[in-house]
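Reading the sequence shown from the start, the letters are residues 1 to 189 in full-length UniProt numbering. For reference, the structure discussed in these notes is given below.
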Amino acid sequence: MHPYRSAIEVVTTKLHNIDDELKCENGYSPIHNIQSRIKTPQSIIDKLKRKKLPITLEGLNQLNDIAGLRVVCHYINDIQYISQLFIMNEDIQLIKKENYIDYPKESGYRSLHLVVKVPIYLKTGVTYVPVEIQLRTISMDSWASLEHVLSYKSEQPIDIEIRERLKKCARKMAEVDLEMQKISQELKK
Ligand code: 0O2
């Protein structure tokens, strides 16, 4: 797992550098917090089964989110801004970008997902390790964290009425995000 740990360190450092630079230039730091995790063996096996992939090294190499980071930003606009600055790093290879903010998932889930490959220098040479980065606002993160336990990872089937209520919460939180962003822009003026 150590190449995945190294990949997380590389990405975390790059994101902190962007945040620090912006703080020095504008006195404003768009990143609220960064969380990272390596998928547990059980969760890797569950995902391989769900995706009907073999439980082998070959299957493992097809998963892009063994190393994962969550970047929680203050406002919606910060998300695109941070992601653009991050992708501009020449040594980063962008593999996939999924915009679940403009196009939320059926559940109501909102976030911007990037799958990137970062170079890790090993004894034997350089290897590119995939990392999934989920960028979201504080509201999107609160919703996703609660819904993750209540519904997304629930072993019981969740009935439609509850799913609709969760979706409604996601829409309300998206409205709050827009209003908070507007307030912040008006105060800056
Ligand atoms: P966990 O436990 O959070 O790690 P991919 O991962 O890209 O190969 P997939 O399934 O198409 O395959 O990825 P997707 O849906 O773009 O993103 C998967 C991750 O996004 C999930 O990881 C969750 O972290 C998050 N996610 C996606 N949909 C939802 C949702 O409806 N609710 C919540 N709370 N989170 C969601 P894992 O590995 O499925 O789970």
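Ideal Cβ positions, reconstructed from N, Cα and C, are used throughout, including at glycine.
Residue from the options with nearest C-alpha to residue i
i	options	result
W143	N33, K168, Q84, V126	K168
K96	I183, E132, S107	E132
M88	A67, Y128, V11	V11
A170	S154, R110, I120	R110
A174	H32, S6, Y103	Y103
Distance cut-off 7 angstroms: residue i Cβ against heavy atoms of the ligand 0O2
i	result
A67	no
S83	no
S29	no
L178	no
K97	no
E58	no
K153	yes
K52	no
Residue i (DSSP reduced to helix, strand or coil)
i	result
R50	helix
Y81	helix
P130	strand
I95	strand
L63	coil
R37	strand
T137	strand
H74	coil
Cα-Cα separation, residue i to residue j
i	j	result
I101	V115	16 angstroms
S151	L94	30 angstroms
V149	T127	35 angstroms
I162	V71	28 angstroms
K123	L63	24 angstroms
Q42	Q35	20 angstroms
H16	E90	17 angstroms
E155	D46	12 angstroms
Residue i at chain C interface by Cβ criterion, 8 angstroms
i	result
Q84	In the displayed structure, chain C is absent; only one protein chain is listed.
Beta-bridge partners of residue i, as assigned by DSSP
i	result
P119	Y128
G27	Per DSSP, none; premise fails for G27.
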